[in-house]
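Protein chains in written order, with this note's numbering: chain G, 791 to 1090; chain E, -4 to 258.
Glycine residues also receive a C-beta, built at the ideal position from the N, C-alpha and C atoms.
Treat the numbers as computed from the prediction; the structure is a model and nothing was measured.
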């Protein structure tokens, strides 16, 4: 068996959530399928209490799985490969993004939700992604319907998402990235066609000096813009409240590969930036391609 | 001891630096040699004027054609042996060491000779870490061009050229090297090429890169180092303060690299 069945569970009560996911988990155990759960602590407690004693479900409780989309893919693929090598007929996953992922960094998690339809497809996976409709923004729920072929909905309905969008389309369409609040102010740094050294030197001038991870990502972004982009390369940076935002824009269409950044494809630089930065947003606008990098500043 | 690369366009800056460097050697009781090139001979008059004030054999201005023999194939080992012998002679004659300002421009005019001279510069740097030999290696930027001068400057412990992106110079043993500066996409090929030419020899299966002064390196360089290590069946130990090196090596499964964080 191969292929990724990728369902959303959009719930509005604990009872509804349990009515869907408990049979899903118990079914996995009964079928001898590795059954993995990555949930917020609150939801995990709720589900753990609803399961019969004796276990069989593996709770991935370290909280780091959903720190960054590229890291989640890397971690899950390793897990899946291990289970498949161990003879698992299928693997069941119950996942819930942390609440903060549904806010200003949702754009890269939306890309994750779209991408995993394909990137987990080489494994026999049945995954359920749970979203609490009481706290999930409407825009996020709209993306959930576009990135999951089917949804479990309130009232016990299981519906085909008619707006489901092929990942290759979803990942390359123009999805405007909301501005970071810091971007409403004039940039601290503004450079046109910087050399790699000039770009790093300018960002290093921010105090306290940004962490190495952001400098690496900035250098890779400028490298990519110069090597693969078109027209002028523009770097801008903003600083505030313990973090730095750096955007690098060129006049080209952006990476051809829909999965760029999420998978270790091509030159790896964009992927490593996704692994090391606190947030990476990609914006394929009419005026060009912008990569926006966010990094924390070290504590003074 | 000092091993500096001085590439020049500006004669005045070179003359001032060479005079200061040689004068410090005289004051320190060292034997001083000056091997001028056609455009780096601005210290000859001053040095010959100084010579009588010092014991016989202290100062020598050498003919560059005699020292470097650009008409013959360059032999890095023989050149190194000549300087080792000259250093030992200086010490045997009662000097505290040997100090040299030498213009090597004539030696590096072809790609082949440049490659060989880079190997020599790296190797003599190791000898100079412990032996009483100090040198300023002089190159004419106008004649050699930026790329060749940068290549030479990168294998010295220090350089006057602002555009040199990194230094890869000798460690205490042939199993150690020192890397400082920034190796970005524009410098990757040069770095990996110089790393090959450093001719490092593992000790107990390991080569150590002391990279406490490393401010930036790309994952492509790490991949290049991994390939080098795999090809030679060794482990490369990278000692660095950079927070990015270990996670890059882990994410890319560069198992022949061992990254050690240093404070």
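With DSSP collapsed to three states, give me the class of residue i.
i	result
residue 105/E	coil
residue 975/G	coil
residue 100/E	helix
residue 952/G	coil
residue 837/G	helix
residue -4/E	coil
residue 179/E	coil
residue 916/G	strand
residue 293/E	Here chain E has residues from -4 to 258 only, and residue 293/E is not among them.
residue 4/E	coil
residue 87/E	helix
residue 960/G	helix
residue 809/G	helix
residue 941/G	strand
Apart from the five residues just before and just after residue i, which ones in its own chain have a Cβ nearer than 6 Å to its Cβ?
i	result
residue 192/E	113 and 114
residue 1060/G	1050 and 1051
residue 160/E	176, 177 and 182
residue 1064/G	860, 1051 and 1070
residue 241/E	254
Hey, does residue i have any beta-carbon neighbour from chain E nearer than 8 Å?
i	result
residue 1003/G	yes
residue 1058/G	yes
residue 854/G	no
residue 987/G	yes
residue 1063/G	no
residue 869/G	no
residue 1025/G	no
residue 1013/G	yes
residue 1052/G	no
residue 990/G	yes
Measure from the alpha carbon of residue i to the alpha carbon of each residue in the options, then state which is nearest.
i	options	result
residue 51/E	227/E, 124/E and 21/E	21/E
residue 99/E	127/E, 83/E, 132/E and 67/E	132/E
residue 207/E	225/E, 249/E and 162/E	162/E
residue 1008/G	1069/G, 960/G, 933/G and 1048/G	1069/G
residue 1045/G	818/G, 1056/G and 979/G	1056/G
residue 58/E	125/E, 198/E, 223/E and 96/E	96/E
residue 30/E	84/E, 169/E, 55/E and 92/E	55/E
residue 837/G	813/G, 1022/G, 859/G and 854/G	813/G
residue 203/E	41/E, 190/E and 213/E	190/E
residue 896/G	999/G, 1018/G, 1088/G and 856/G	856/G
residue 994/G	893/G, 1087/G, 846/G and 811/G	1087/G
For my contact list, residue i and residue j are in at a C-beta cut-off of 8 Å; report their separation, rounded to the angstrom.
i	j	result
residue 874/G	residue 848/G	Not confirmed; about 15 Å, so no contact.
residue 794/G	residue 913/G	7 Å
Please tell me whether residue i has its Cβ less than 8 Å away from any Cβ of chain G.
i	result
residue 66/E	no
residue 12/E	no
residue 209/E	no
residue 242/E	yes
residue 214/E	yes
residue 183/E	no
residue 177/E	yes
residue 258/E	no
residue 263/E	An answer regarding residue 263/E cannot be provided, because it is not within the stretch -4 to 258 covered by chain E.
residue 180/E	yes
residue 139/E	no
CB-CB under 7 Å to residue i, same chain, minus the five flanking residues each way: which ones, in chain order?
i	result
residue 823/G	878, 879, 880, 881 and 882
residue 65/E	101 and 102
residue 198/E	168 and 170
Please return the same chain residues whose Cβ sits closer than 8 Å to the Cβ of residue i, not counting the five positions on each side in sequence.
i	result
residue 49/E	21
residue 978/G	996, 1027, 1028 and 1029
residue 145/E	156, 158, 159, 160 and 185
residue 1005/G	990, 993 and 994
residue 931/G	800, 921 and 923
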